[in-house]
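Here's the structure, in structure tokens; my notes come after.
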Amino acid sequence: MTGAAPLLRDVFGFDAFRPGQEEIVDAVAQGQNVLAIMPTGGGKSLCFQLPALMREGVTVVISPLIALMRDQVRALQEAGVCAGSLTSGNTPEEIDAVWEALEAGQLKLLYMAPERLAAGSAMGMLRRINVSLIAVDEAHCVSQWGHDFRPDYLRIGALRKALDVPLAAFTATADSETREEIVEKLFDGEQPCNFLHGFDRPNIHLAFATKDSPRRQILDFAATRKGQAGIVYCGTRAKTEALATGLREAGHSACHYHGGMEAEDRRIVETRFAREDGLIVVATVAFGMGIDKPDIRWVAHADLPKSIESYYQEIGRAGRDGAPAETLTLFGPEDIRLRRTQIDEGLAPSERRLADHARLNALLGLAEALKCRRINLLGYFGEKAEPCGHCDLCDTPPDVFDATTAVRKALSAILRTEEWFGAGHLIDILVGNETDKVIARRHNQLPTFGVGTEYDKRQWQAVFRQMMGHDLIRPDPERHGALRMTDAARPILRDEASITLRRDTIRKAAGRRPAVKALVSDEDAPLLSALKAKRRALAETARVPAYVIFTDRTLIEMAETRPVDLDGMARISGVGAKKLERYGAMFLEIINGAIDAVHPVRRKLAGRDSGNVYDQLLEVQGTLARGEGGVEKPLSCSASQLARVAQMRPNDTRGIENVLGERRAERFGAAFLDVLRAAS
Numbered sequence: 290m291t292g293a294a295p296l297l298r299d300v301f302g303f304d305a306f307r308p309g310q311e312e313i314v315d316a317v318a319q320g321q322n323v324l325a326i327m328p329t330g331g332g333k334s335l336c337f338q339l340p341a342l343m344r345e346g347v348t349v350v351i352s353p354l355i356a357l358m359r360d361q362v363r364a365l366q367e368a369g370v371c372a373g374s375l376t377s378g379n380t381p382e383e384i385d386a387v388w389e390a391l392e393a394g395q396l397k398l399l400y401m402a403p404e405r406l407a408a409g410s411a412m413g414m415l416r417r418i419n420v421s422l423i424a425v426d427e428a429h430c431v432s433q434w435g436h437d438f439r440p441d442y443l444r445i446g447a448l449r450k451a452l453d454v455p456l457a458a459f460t461a462t463a464d465s466e467t468r469e470e471i472v473e474k475l476f477d478g479e480q481p482c483n484f485l486h487g488f489d490r491p492n493i494h495l496a497f498a499t500k501d502s503p504r505r506q507i508l509d510f511a512a513t514r515k516g517q518a519g520i521v522y523c524g525t526r527a528k529t530e531a532l533a534t535g536l537r538e539a540g541h542s543a544c545h546y547h548g549g550m551e552a553e554d555r556r557i558v559e560t561r562f563a564r565e566d567g568l569i570v571v572a573t574v575a576f577g578m579g580i581d582k583p584d585i586r587w588v589a590h591a592d593l594p595k596s597i598e599s600y601y602q603e604i605g606r607a608g609r610d611g612a613p614a615e616t617l618t619l620f621g622p623e624d625i626r627l628r629r630t631q632i633d634e635g636l637a638p639s640e641r642r643l644a645d646h647a648r649l650n651a652l653l654g655l656a657e658a659l660k661c662r663r664i665n666l667l668g669y670f671g672e673k674a675e676p677c678g679h680c681d682l683c684d685t686p687p688d689v690f691d692a693t694t695a696v697r698k699a700l701s702a703i704l705r706t707e708e709w710f711g712a713g714h715l716i717d718i719l720v721g722n723e724t725d726k727v728i729a730r731r732h733n734q735l736p737t738f739g740v741g742t743e744y745d746k747r748q749w750q751a752v753f754r755q756m757m758g759h760d761l762i763r764p765d766p767e768r769h770g771a772l773r774m775t776d777a778a779r780p781i782l783r784d785e786a787s788i789t790l791r792r793d794t795i796r797k798a799a800g801r802r803p804a805v806k807a808l809v810s811d812e813d814a815p816l817l818s819a820l821k822a823k824r825r826a827l828a829e830t831a832r833v834p835a836y837v838i839f840t841d842r843t844l845i846e847m848a849e850t851r852p853v854d855l856d857g858m859a860r861i862s863g864v865g866a867k868k869l870e871r872y873g874a875m876f877l878e879i880i881n882g883a884i885d886a887v888h889p890v891r892r893k894l895a896g897r898d899s900g901n902v903y904d905q906l907l908e909v910q911g912t913l914a915r916g917e918g919g920v921e922k923p924l925s926c927s928a929s930q931l932a933r934v935a936q937m938r939p940n941d942t943r944g945i946e947n948v949l950g951e952r953r954a955e956r957f958g959a960a961f962l963d964v965l966r967a968a969s
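Heads up, the sequence shown is in our numbering, so the first residue is 290 and it goes up one at a time.
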């Protein structure tokens, strides 16, 4: 086996390894199974390219992006390495060259997209070409609930077994949960040789800001960095186009990029960004993985990222050359509401959605941090750090205060309402707002009612947001976003610990402009998301548009009124008799959990006065089933007989006999007439 040092110098032109590379290269070259978590820009490609040259046979590299594969193949060929790729982007000449090199036994690295593994011919071809190592780039794509999930990555574990060769998996970001998933899916649960290298990118300046005219904030940030290459990430396609236009009007060279564009248009942007100096790309997250431009000087987020992993990966595209780079992330209540909704409307099981809410809490904790952001960010990945002196909080420490009393009031409100409500309702209790919902649940009689008048509603929202950032509370997907306390909150509630919050965030909240009007309140948004998810599933099964099941307006009314039974559901606008029969119980179960079965005859009376009369007749019948003394032979009426009495409402004994017959009229007649007279 050829030594690493001569190849490092002669082929790649480096006199020494970067920190952490050498031990990974040694392990991979020796044929060990390897999982390496390395920071963006840490040189992970070298950790499988160099061992490929040291070992006999072909190294197959599974990579998710054609553009990235093409760049790496070109770079290797320029360095004199026989490398090629088999992708849909190849020309016929390129494919012929790859096959010729394979047949001649000259090819050292073969790049493939994971989707190619689905082809029946792929396995036979790989068996024939003397594969000695599988390298998996962006290994976090195997995580089924991750933000970059690629289903065909799940085939790689079977490929490793079939070829019986070592596998080296690489990624720049993976929390402990994702690492476990990688081990399970790629290594069949057997622990590989793990390398977890530092996540710190000390050359990147970290900064967050609350939204206050976000378009102006992004334009101001770009204006002070004119002529520098940058990326602006946006939450929607429309925003990428509008913001790119604004940047061009301000004199910048800028273009937009999103998944809705034609493939050729996306390739043009990718090529321009790789070749042009000072170009700004305004993009959704579709633009990112595989971007390896070394001189990106800044990354801005016009909207809050999906998770702390997404944030780390996206800012990591800046400053890969080691020179100083800057970031700015804007966030506001609307962002948080959107991210919560995306989690709640997802199809993941409840435990996964709970974990996703925890991840979002971690990102909020970074946004609302009280001290050095780098300490907070690296702490999430399990690393300890000293204050960096290179983030906005080190530059200008925030205004903080002892918020133990305020937080304890909020936790008390959560506890006294048995963790069944969201922030909106809890804040109404704290500020003493007697809404219909507060009065209906008698929460205006709680000891915590009106104890929080030192803050207005917006300021309390800022307090609750910071409590989520400290992971004291989490939305519970099983309870449609109701807030539940974590174990970290209990010492504060018991007066065994104190907590500090940012005063500046709370003070600014009071003067903030009104938020964009949402379809429903924050309180009802998670339930609306759950109702929409149920509607979507039913619509997909029936192969009809979602509005055919129920319109948005109908679901909004369900979320706001929360009917508890079919009678209440029948009163919702847009719920006719047929839809009530077909869907009523399903949607009631979403709103209230499992419900008791209702007799079909009673279901037809739902929403009518006769339905209530039916219920009272049924109750009376139950008490008289064995007569007034409780010793007679059991006797009862059929559901149809009770329904006819409830609908016809006879006003004398003869009328009752006509419906029930003489024997039943004798047992129940007088009591039934009392019910009917009271209902008149």
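Ideal Cβ placement from N, Cα and C applies to all residues, glycine included.
Going by CA-CA distance only, name the one from the options that's closest to residue i.
i	options	result
CYS336	LEU354, VAL362 and ARG307	ARG307
ASP856	TYR903, PHE839 and ILE879	TYR903
ILE716	TRP749, LEU772 and THR460	TRP749
GLY394	GLU383, ARG537, THR348 and PHE510	THR348
ASP453	SER465, ASN419, ARG439 and GLU469	ASN419
ARG626	ARG779, GLY713, ALA954 and ARG731	GLY713
ALA932	CYS661, ASP898 and GLU921	ASP898
VAL890	ALA702, ALA928, VAL920 and PHE961	ALA928
ALA356	ASN379, LEU761, MET343 and LEU339	ASN379
ASP360	ASP793, ARG405 and THR376	THR376
THR685	ALA786, ASP793 and MET412	ASP793
THR467	MET343, ARG648 and ASP854	ARG648
Going by the beta-carbon positions, is the gap between residue i and residue j smaller than 7 Å?
i	j	result
VAL689	LEU653	no
ILE351	PHE484	no
HIS590	TYR546	no
LEU869	ALA895	yes
ALA618	PHE753	For the record, residue 618 in the displayed sequence is Thr; it is not Ala. Going by C-beta atoms, THR618 is not nearer than 7 Å to PHE753.
CYS683	LEU495	no
LEU667	PHE488	yes
MET774	ILE762	yes
Quick check: the Cα distance between residue i and residue j, rounded to an integer number of angstroms?
i	j	result
LYS673	TYR872	53 Å
ALA804	TYR744	Residue placement at ALA804 is poorly supported in this model, since its pLDDT is 41, which falls under 50; the coordinates still yield a value, given next. Cα-Cα distance, rounded: 18 Å.
ASP501	TYR400	46 Å
LEU877	THR529	40 Å
ASP633	ALA874	21 Å
THR850	GLU908	27 Å
GLU562	ILE569	The residue asked about is misnamed: residue 562 is Phe in this sequence, not Glu. Their backbone Cα atoms lie some 8 Å apart in a straight line.
LEU532	LYS821	31 Å
VAL964	LYS746	47 Å
LYS726	GLU812	11 Å
THR830	LEU772	32 Å
ARG449	SER465	23 Å
ALA316	ALA447	22 Å
LYS698	GLY739	10 Å
GLU917	ASP841	51 Å
CYS371	GLN755	54 Å
ARG537	ALA543	6 Å
Identify, in the order they occur along the chain, each residue of the same chain with its Cβ nearer than 7 Å to the Cβ of residue i, setting aside the five sequence neighbours on each side.
i	result
THR630	ALA814 and SER818
THR742	VAL720 and GLY721
ARG825	ALA835
LYS806	Since pLDDT at LYS806 reaches only 41, below the 50 mark, its modelled position is unreliable, and the value read off the structure follows with that caveat. Excluding residues within five positions, none has a Cβ falling inside 7 Å.
Helix or strand or just coil, what does DSSP make of residue i?
i	result
ILE945	helix
LEU643	helix
HIS494	strand
MET550	coil
LEU357	helix
GLU565	coil
TYR600	helix
ALA804	Caution applies to ALA804, whose pLDDT of 41 falls short of 50 and renders its modelled position unreliable; the value that the coordinates give is listed next. ALA804 falls in the coil class under three-state DSSP.
ALA543	strand
So, for residue i: in the same chain, excluding its five sequence neighbours on each side, which residues have a beta-carbon less than 6 Å away from its beta-carbon?
i	result
ALA305	none
LEU593	PHE620 and ASP624
PHE301	none
THR462	GLU598, TYR601 and GLN602
ASP426	SER352 and PHE459
Got a sec? Which residues, its chain only, sit under 8 Å from residue i by beta carbon, not counting five neighbours each side?
i	result
ALA294	none
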